[in-house]
Every structure is written in structure tokens, then in C-alpha cells.
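A short worksheet on the structure shown next.
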Amino acid sequence: MTKRRLVILGGGFAGLRALFRLSEIDDLEIVLVDPRSTSLMKPALPEVALFGKSVEHVRFAIEPVVRRAGARFVHARPIRVLAPERRIEFPDREDLRYDYLLITTGAMKDYDAIPGYREHGHSPCDDAEAPRLARALDQFDGGPITIGSARSEWGRRVEGPSLAAPCEGPVGEVMFMLDEELRHRHIRDRASIRVFSPGREFFEDVGPTVRAALAPEIERCGIRVTSQKSLRAIGHDHVDFEDGESWESALTIVIPPYTGNPLVVASEALGDEKGFVPTDRRMRHLDFPEIFAAGDGTALAMPKLGHIAVHQADIAAAALERDLTGRGEIPDYAPEIFCIMNRGRHDATLILSNHLFGGDIDRAFSSPITRMLKWGFDTLYFHSRGHLPPDFAQRTLVELLSRA
Ligand SMILES: Cc1cc2nc3c(=O)[nH]c(=O)nc-3n(C[C@H](O)[C@H](O)[C@H](O)COP(=O)(O)OP(=O)(O)OC[C@H]3O[C@@H](n4cnc5c(N)ncnc54)[C@H](O)[C@@H]3O)c2cc1C
Numbered sequence: 112m113t114k115r116r117l118v119i120l121g122g123g124f125a126g127l128r129a130l131f132r133l134s135e136i137d138d139l140e141i142v143l144v145d146p147r148s149t150s151l152m153k154p155a156l157p158e159v160a161l162f163g164k165s166v167e168h169v170r171f172a173i174e175p176v177v178r179r180a181g182a183r184f185v186h187a188r189p190i191r192v193l194a195p196e197r198r199i200e201f202p203d204r205e206d207l208r209y210d211y212l213l214i215t216t217g218a219m220k221d222y223d224a225i226p227g228y229r230e231h232g233h234s235p236c237d238d239a240e241a242p243r244l245a246r247a248l249d250q251f252d253g254g255p256i257t258i259g260s261a262r263s264e265w266g267r268r269v270e271g272p273s274l275a276a277p278c279e280g281p282v283g284e285v286m287f288m289l290d291e292e293l294r295h296r297h298i299r300d301r302a303s304i305r306v307f308s309p310g311r312e313f314f315e316d317v318g319p320t321v322r323a324a325l326a327p328e329i330e331r332c333g334i335r336v337t338s339q340k341s342l343r344a345i346g347h348d349h350v351d352f353e354d355g356e357s358w359e360s361a362l363t364i365v366i367p368p369y370t371g372n373p374l375v376v377a378s379e380a381l382g383d384e385k386g387f388v389p390t391d392r393r394m395r396h397l398d399f400p401e402i403f404a405a406g407d408g409t410a411l412a413m414p415k416l417g418h419i420a421v422h423q424a425d426i427a428a429a430a431l432e433r434d435l436t437g438r439g440e441i442p443d444y445a446p447e448i449f450c451i452m453n454r455g456r457h458d459a460t461l462i463l464s465n466h467l468f469g470g471d472i473d474r475a476f477s478s479p480i481t482r483m484l485k486w487g488f489d490t491l492y493f494h495s496r497g498h499l500p501p502d503f504a505q506r507t508l509v510e511l512l513s514r515a
């Protein structure tokens, strides 16, 4: 019997999670495609930008991981998916046919949408920009610093929360880590830190309890926060906002707007108006039943977080397994915010909240132990090449925290 073929597009958090979950299925050939040769641990990038962590410790080669899982790696950038024909086109190699497709290509960060970014802006968002920010910080000797997210726009095909800033955790991490770093260098009194958010409130994705827990920490660090500010442009010594205001800024650090993946945009009928993949809550494409998607590139993922990407990958993998074998339970889609925000070398805040989704959990825990948990998570993910702590350990932690 010929094997059915599953193509996974993208070897980030969601793609690798699904690969590990599906690699045991008999009579299934898995091909994972990625234009990068390495999988990037984005949550560790602020440490590259601020604490001198080597970029080589936040990425690992994809091919050996895929091979060990018994699958094939194609290191190439596809140009479009011809969904009605179940075919993927490449500019420089043969088309790849599939029986099932899992899209885990993530979202794009559109640096070029911000006038002046390339000349004057910085960001911790990828493995080229984070080291560039580290170099700028090495040379920084005082002055006003501005940190914030540019506004992102979303399609309307899939219902759910819509956030102007889909991932504000890195803004929080960078501002706290920067405060500590400047104190460490004895130049904190020569610098000011101002933060802006396009959201109605800073950290719009969590509830009032988490925001109230963070507010005194922000104040203690002397950081000023302004919400409902939409970035327009970055200049050599200032930032401009859509409301006409300008702030002086010697160093501007931003999370650029999120946009859909160009592959999805180029593939007819695959994405919504903004290039995000529309799925149901079992992560199946709304129009193509043999296509699934998980992670930042889906319209459903809001906020855009690794924890939600992995949850969606688990659902997509279970739904695929059910299609392929008729076996297995498909977990319910129950998104929550579960992340650890570094607040320096020795402190971190663990946030657990489902307030955005109508739940009543909204907790923040700050301590050196939380900082160690983040270190443990990153170290395990890096050394195990993409594996997370066992599900029961994560679930037990969440259970304990939600009752605390
Ligand atoms: C600075 C920063 C800090 C963060 N911190 C946290 C945190 O502390 N906790 C948390 O939960 N989340 C955090 N996040 C968010 C988290 O990193 C993302 O939600 C997560 O990486 C999404 O996983 P993904 O698999 O959907 O996409 P990605 O991890 O972006 O992976 C997508 C993969 O698809 C590949 N790809 C792209 N285009 C194509 C194509 N055309 N064909 C095939 N493959 C393609 C890419 O090369 C990449 O390997 C952070 C994000 C940033 C930027």
C-alpha cells in the first residue's frame, strides 16, 4: 500500500510539536519544509539582545531533528500552495504533492512597514535583529529610550479576540531587562525608558489582576507607559505617532506589525484578507478539509504565543491522526496565556490568564524560582532539540497555579 504523505510547512514551535506527535503513525510519510536551516527559539531572543546570550544557543539545526523523527526535510522556500490540486510549488525544485498539509509557517514581522525602521529602529524579534540590538546597546551611553509595538491589523473571517499588539510580552521583558542592565552599568540615571502600546491598555491580553500585579514593578523601575499610541515612523532622534505627537528617542526598540506569511498571501483561497489561515477550532482549514494549520500564522491564534501555537499543534495533530487512523481524542480548543516574562537576570513573572477568552483565571507570580523555570524551559527546549516538558508536568503546574 502506498503511504499517504503529510507535508508540514515550517519547523518552529508548532511544526516540530506536530512532527513529534505524528511521527509514530504507520503508513504515513512526513515531509517537513522550511526555508531556514535552523529552528529559532524566539522567546530567548531578548536575552541575546540584552544579556549577551549567544545566538547559537537560541537556534538548532532542523534536519537532524526531522531525520530522527523518521521524516524527510526539504530545505527550500515554497512559493505557493495550489490547494485544489494538493500541490506545493517551489521556484527551483520539483513540486511537492501531499495528501494532507499542515501549515505552521508563523507570521511575518513587517519591519519595512515602519518608515525609518531600517535606518534608526531596533527589535529583538529575530536572529539578525536581536544581535544588531545588542550592538546598539553596547554603544548606548544615555538618553531617552522608546519601546513598544506597532499596530497590527487582522482579517474578519474567524471570530475571536483581536489585539492591536498580538505579543506584548517581549516589550515587557525588554523594558525590565533594560532597566536592570542600565543600573548594572551605572548609567540608569542618564537614561529614561518610555513604553507605548497601540492597545486600549498595555498588556491588553491579560486581565486586571495581572496588570495590577505588574504596575508597581513598572513604577519601581521608573518606566512610563502610554497606551493607545500608534507608531507612525522612527527618526534618528525621535519617534512619531499617528496622533501627531513626537517623542525624543535616542534608541527605539519595536515589535513590528505582524502580517500573514507571503506563501499564504500568494496562494489563492488559502488565507484571509490579511494572509492568516482561517481554521475551525480543530485547526482544520475552513475551505480545504485536508489542510490544517497551527501557530502564529492562523487567524485563530490570538495572542500570538508559543503556548497557544503548541496547543493548536496538539489539536491539529490529534485531528490529523483521527482522519488517518480513526483513533484518538481531539482536545478542545481552550486557549490561555501561559508565559514567563524575564524581569532581569534573577527575577521573572509567570503569567497565567484566560481572561481574554472569558475565563476567570488571571494570575501573576514573580520570584527567582520563576526565573529558574524559564531558564529550565529554554535549556530543555534547546538541548532536547524542540521538546517541551512532559504534558503532565505542565498541566500540574498550571493546575497548581490556577488554584493558588
Ligand atoms: C522576541 C519574542 C519573544 C517571545 N517570547 C515568548 C514567550 O516568552 N512565550 C511565548 O509563549 N511566546 C513568545 N513569543 C512568541 C512565540 O515565539 C511564537 O508565538 C511562536 O514562535 C510561534 O510558533 P510558530 O511555530 O507558529 O511560528 P515560528 O516559531 O515563527 O516558526 C515558523 C517556522 O516556519 C518557517 N517558515 C516561514 N515561511 C515558510 C514557508 N513559506 N514555508 C515553510 N516554512 C516557512 C520559519 O522559517 C519558521 O521556522 C515571543 C516572540 C518573540 C518575537
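If you're matching positions, the sequence shown starts at 112 in our numbering and goes up one per residue.
All C-beta atoms in this analysis are idealised placements derived from N, C-alpha and C, irrespective of residue type, glycine included.
By the C-beta criterion, the stretch 426-441 is judged not to be in contact with the stretch 245-258, since fewer than 3 inter-stretch pairs fall below 8 Å. In the DSSP assignment, alanine 276 falls outside any beta strand (DSSP E), carrying neither H nor E. In the structure shown, aspartate 425 adopts helical secondary structure according to DSSP, grouped into three states. The shortest C-alpha to C-alpha distance from threonine 215 to any of Ile119, Arg482, Glu401 is the one to Ile119. When DSSP states are grouped into helix, strand and coil, alanine 172 belongs to the strand group. Checking the DSSP bridge columns, you'll see leucine 161 has no partner listed.
Here glutamate 359 really is in contact with histidine 349; their C-beta atoms are around 5 Å apart, less than 8 Å. Contact annotation, cysteine 236 with leucine 416: C-beta distance approximately 14 Å; criterion of less than 8 Å not satisfied.
Residue range 334-337 is occupied by the beta strand (DSSP E) that includes threonine 337. Contact check for leucine 289 against leucine 161 passes: the beta carbons are separated by less than 8 Å. In the DSSP assignment, glutamate 240 falls within the unbroken alpha helix (DSSP H) covering 240-250. Rounded to whole angstroms, the separation of the alpha carbons of lysine 340 and tyrosine 211 is 42 Å. Using a Cβ distance threshold of 8 Å, proline 414 and isoleucine 448 count as a contacting pair. 8 Å or more divides the Cβ of serine 495 from the Cβ of valine 192.
Separation of phenylalanine 387 and alanine 424 (C-alpha to C-alpha, rounded to the nearest whole angstrom) is 16 Å. Scanning its chain for C-beta atoms nearer than 6 Å, with the 5 sequence neighbours on each side dropped, one finds around arginine 116 the residues Glu140, Tyr209, Asp210, in chain order. DSSP places lysine 485 within a helical segment (H, G or I) once states are collapsed to three. The stretch 322-367 is shown to contain whole beta strand (DSSP E) runs of 3 or more residues at 334-337, 342-345, 349-352, 357-359, 362-366, in chain order.
By alpha-carbon distance to histidine 418, the top candidate from Thr481, Val336, Asp502 is Asp502. Straight across, the Cα-Cα distance linking glutamate 312 with phenylalanine 251 is about 29 Å. Its Cα nearest to that of phenylalanine 201, the residue Pro146 stands out among Gly232, Pro195, Pro146. Counted as a single uninterrupted DSSP element, the beta strand (DSSP E) harbouring phenylalanine 307 occupies residues 302-307. Taking 4 residues as the minimum length, the alpha helix (DSSP H) runs contained wholly in the stretch 122-160 are 124-133, in order along the chain. In the structure shown, isoleucine 225 falls within a coil segment according to DSSP collapsed to helix, strand and coil. For glutamate 240, the number of other beta carbons within 10 angstroms of its own is at least 16, and it is reported as buried.
By the Cβ-count criterion, threonine 481 is buried, with 16 or more other Cβ atoms from all chains shown falling within 10 Å of its own Cβ.
Boundaries of the beta strand (DSSP E) around valine 192: 191-193.
With a cut-off of 7 Å, the C-beta of asparagine 465 is classified as distant from ligand 1, since no heavy atom of the ligand falls inside that distance.
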